[in-house]
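J.: For the sequence shown, the working numbering assigns the number 2 to the initial residue and increments by one for each residue that follows. Yeah, the Cβ is synthetic: ideal placement off N, Cα and C, and Gly gets one too. Computed from a predicted model, the values in this text were never measured in an experiment.
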Amino acid sequence: MSFVNPRISNNYLFDIYRHEYFHRKQDGYNDYESIANLRIKTFEKWYRDLDPYCINKGIALDIGCAAGYFLDVLQEHQWQVEGIELEHRMYDLLIQKGYTISNEPLEYFTAAHQYDLITMFDVIEHLPELQKDFAKISSLLSDQGILAISTPNIESLQYRIFRRRWFQFKPVEHLYYFSPSTLKRLAQDHGLRVEVMKRSGQYSNIPFIVDRLEHYGFYNLARLFSLIVKLFGLDNLNWYADTGSIFVILRKVE
Numbered sequence: 002m003s004f005v006n007p008r009i010s011n012n013y014l015f016d017i018y019r020h021e022y023f024h025r026k027q028d029g030y031n032d033y034e035s036i037a038n039l040r041i042k043t044f045e046k047w048y049r050d051l052d053p054y055c056i057n058k059g060i061a062l063d064i065g066c067a068a069g070y071f072l073d074v075l076q077e078h079q080w081q082v083e084g085i086e087l088e089h090r091m092y093d094l095l096i097q098k099g100y101t102i103s104n105e106p107l108e109y110f111t112a113a114h115q116y117d118l119i120t121m122f123d124v125i126e127h128l129p130e131l132q133k134d135f136a137k138i139s140s141l142l143s144d145q146g147i148l149a150i151s152t153p154n155i156e157s158l159q160y161r162i163f164r165r166r167w168f169q170f171k172p173v174e175h176l177y178y179f180s181p182s183t184l185k186r187l188a189q190d191h192g193l194r195v196e197v198m199k200r201s202g203q204y205s206n207i208p209f210i211v212d213r214l215e216h217y218g219f220y221n222l223a224r225l226f227s228l229i230v231k232l233f234g235l236d237n238l239n240w241y242a243d244t245g246s247i248f249v250i251l252r253k254v255e
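1. Over what stretch of residues does the beta strand (DSSP E) that includes W240 continue unbroken?
2. Can you check whether the CB of Q81 is closer than 8 Å to the CB of G59?
3. Taking the alpha-carbon of I229 as reference, which of V211, G245, A242 has the nearest alpha-carbon?
4. Closer than 6 Å by C-beta to F122: which residues in its own chain qualify, once you throw out the five before and the five after it? Chain order, please.
5. Please classify H114: is it buried, with 16 or more other beta-carbons within 10 angstroms of its beta-carbon, or exposed?
6. Return the chain-ordered ranges of every alpha helix (DSSP H) run that is complete within the stretch 197-233 and spans a minimum of 4 residues.
7. Measuring alpha carbon to alpha carbon, tell me which residue in R213, M198, L214 is nearest L251.
8. Which residue comes first and which comes last in the beta strand (DSSP E) that contains T101?
9. Compute the distance between the beta-carbons of F110 and I85, then report whether it is under 8 Å.
10. Mapping DSSP to helix, strand and coil, what is M121?
11. Output the residue ranges of the alpha helix (DSSP H) runs that lie fully inside the stretch 124-205 and measure 4 residues or longer, sorted by chain position.
12. Mind checking whether D63 and L107 have CB atoms under 8 Å apart?
13. Using a threshold of 8 Å, state whether the C-beta atoms of L141 and I119 are closer than that.
14. Nearest by alpha-carbon distance to Y70: which of F209, F44, D50 is it?
15. Should V74 be labelled buried (16 or more other beta-carbon atoms within 10 Å of its own) or exposed?
16. Taking the alpha-carbon positions, what's the G1 to E21 distance?
17. Relative to the C-alpha of Q76, which residue among Y48, A67, S103 is closest?
18. In three-state terms, what does DSSP make of V5?
19. Decide if the stretch 158-173 is in contact with the stretch 188-195; the criterion is three or more beta carbon pairs, one per stretch, under 8 Å apart.
20. Check whether the Cβ atoms of A149 and Q203 sit closer than 8 Å, and answer yes or no.
21. Would you mind working out which of R166, P53, E130 sits nearest L187, comparing C-alpha positions?
22. Using a Cβ-Cβ cutoff of less than 6 Å, which residues in the same chain neighbour E156 once the five nearest sequence positions on both sides are dropped?
23. Just to confirm the assignment, what range does the alpha helix (DSSP H) spanning Q97 have?
24. Do N57 and S143 count as a contact pair if the criterion is CB distance below 8 Å?
25. Which same chain residues end up closer than 6 Å to R200 when comparing Cβ atoms and leaving out the 5 residues on each side of it in sequence?
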């Protein structure tokens, strides 16, 4: 796998996640909740993808649960849910909603029980102590429990096209970059087997496309797309698009 070297200290990294991570431009997310409807649709799809592999529908842990949209989906499907979220505002919001949430990094997280499902959506690339963290996750899974992951794919078409300009290159926060083979090897090293591994994406709309075009410097094309939205009233148009990520379901081996 590819990784960032040198990188910032763990404590500085955790501080980045704690303070307005979901509402800033230089790193993190510009405004995470502004496309809540698209994020929820994505999480609902991912739940449909993983649900057939759940043997026991008991306790689930969502690591990096942000605004709790996936917790909501899990609860609707009769799961007992817990989460880990470092960002102060999101943590307070989730506590107010009545969820059981830890605001400690995974490295310091402890639990009195195991989980039948653990999810890490766009999280694994952020983990500073990858081997130790994966060993902990494996120990937290119940027998036959499953781990579901989404993460950028460094062998994706998007990477091959944009290379160093690839949107997912965020060296402050994205510490590891996986291919299907390196992710499979990491799983096997920690007693997990691959049930599903496939290309992944998210629900997108034209403003999302405009944002990506501006990131890559296609400003005229971005303005054209914005004009089309205004002319034809396409604000509510959305679709599921391959964004160059991997979706993986891993099962704990007895």
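T.: Taking the geometry as given:
1. 239-253
2. yes
3. V211
4. S151
5. exposed
6. 207-216, 220-233
7. M198
8. 101-103
9. yes
10. strand
11. 131-141, 158-163, 181-190
12. no
13. Going by C-beta atoms, L141 is nearer than 8 Å to I119.
14. F44
15. buried
16. In the structure as shown, the chain starts at 2 and stops at 255, and residue 1 therefore has no counterpart that could be examined.
17. Y48
18. coil
19. No contact exists between the stretch 158-173 and the stretch 188-195.
20. no
21. Distance from the Cα of L187 is smallest, within the candidate group R166, P53, E130, for E130.
22. S180
23. For Q97, the enclosing alpha helix (DSSP H) has its first and last residue at 89-97.
24. yes
25. Hits under 6 Å: D243.
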